[in-house]
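Worksheet: one structure, shown below.
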Amino acid sequence: MTEYSGAGDPKRTLELLWGVRERPRRGPKPRLTAEEIVRTAIRLADAEGLDGPSIRRIAEELGVSPMSIYTYVPGKAELIDVMIDRAFGELTPPDQGSWRDRLEHIARDNWALFHRHPWLLEITKARPPLGPNTCAKYEYELRAVDGLGLSDLEMDSVVALVTGFAESAARVSVDAAEAERRSGITDEQWWEASAPLLEALVNEDDYPLGTRVGAATGREYNAAIAPGRAFEFGLARVLDGIEVLVSSR
């Protein structure tokens, strides 16, 4: 099931993201911290997807009651926003270099992050978590294209284009890996089993281009798709298009 960032209470989410509600204000010294809860939730999500880190499951992992978790985290909706923000904290600002080098670093860094944490792809992030790591991420992404003569809106659109491409390409790659895991056969095994029968069933005269190009890519990829190659090709073309825009300035 798709989750949505920004689905929790905005005030309580922001307090949690920025550490305003880090611990109970009264009573004995707390056994937990919000950060421990978030780290546990991310570990469970990495292993099982977003179905893994339920409040009850997190409580079991930490050896406390579910009500203890609610002392620190209002609910799963707010927790998801903090998980996203913490994951974004793993991203690194690009080193000095050309604007193209900087944008390439951002795209590759995001691609790698989605492979480390595939559960990020289960979340629709139309309302991004406005936490410290998310804000820092946006800041250095904008710096990558600052001073190129682009308008503020164009700068925002370029960043959205590059990060959106990386996320979309990563989703194809992660889905392909999940298909292999669930089916128990590799892409190469699937292609080797499918190709001979496909050649017998498909009339080349009916699909001349598909037959020719499909055969060439099948031989090259030993699969129907090659997500890594598609990412490399697409990233280069995205950057080429941005270069046209920058050159026009």
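Numbering (this note's numbering), first residue to last: 13 to 261. Each residue gets a CB set at the ideal place from its N, CA and C atoms; glycine is no exception. In this text the structure is predicted, and so the values were computed from the model without any measurement.
Residue nearest to residue i in terms of C-alpha spacing, selected from the options
i    : options                   : result
A138 : P130, T223 and I96        : I96
R114 : R261, L247, V256 and S260 : L247
T175 : A124, D164 and R194       : A124
L173 : Y82, S163, G253 and G101  : G253
G31  : T104, L91 and T229        : L91
D187 : E102, T223 and L133       : L133
S180 : N122, A212, G222 and E48  : N122
D107 : G101, R98, H117 and A99   : H117
Q201 : A235, E211 and H129       : A235
A228 : F245, W203 and P78        : W203
E211 : I197, M167, D199 and G226 : G226
R128 : I237, R55 and F245        : R55
Exposure of residue i, with buried meaning 16 or more beta-carbon neighbours within 10 Å
i    : result
R35  : Unreliable placement is indicated for R35, whose pLDDT of 49 sits below 50; the coordinate value is still reported in the next sentence. Exposed, by the Cβ-count rule.
T146 : buried
A208 : The question names Ala, yet the displayed sequence has Pro at residue 208. P208 is exposed by the Cβ-count criterion.
K23  : exposed
L251 : buried
R231 : exposed
G143 : buried
L221 : exposed
D21  : exposed
V94  : buried
F100 : buried
L103 : buried
L213 : exposed
M13  : exposed
R249 : exposed
L165 : exposed
Residue j beta carbon less than 7 Å from that of residue i
i    : j    : result
S185 : P239 : yes
W111 : L62  : no
S178 : A119 : In the sequence as presented, Ser is not what sits at residue 178; that position holds Ala. Closer than 7 Å, so yes.
A57  : G64  : yes
A89  : A189 : no
P105 : Y152 : yes
A59  : F126 : no
V171 : R98  : no
R68  : P78  : yes
Distance between beta carbons of residue j and residue i, contact taken as under 8 Å
i   : j    : result
L74 : L26  : Contact flag wrong, Cβ pair sits at about 24 Å.
A46 : L28  : 6 Å
Y16 : I135 : 7 Å
is_contact[residue i, chain C] using C-beta, thresh 7 Å
i    : result
H117 : Although the question refers to chain C, the structure presented lacks it and comprises just one protein chain.
Three or more C-beta pairs below 8 Å linking the stretch 151-166 and the stretch 247-259:
yes
Touching or not, the stretch 210-225 and the stretch 67-82, by the rule of three or more beta carbon pairs under 8 Å?
no
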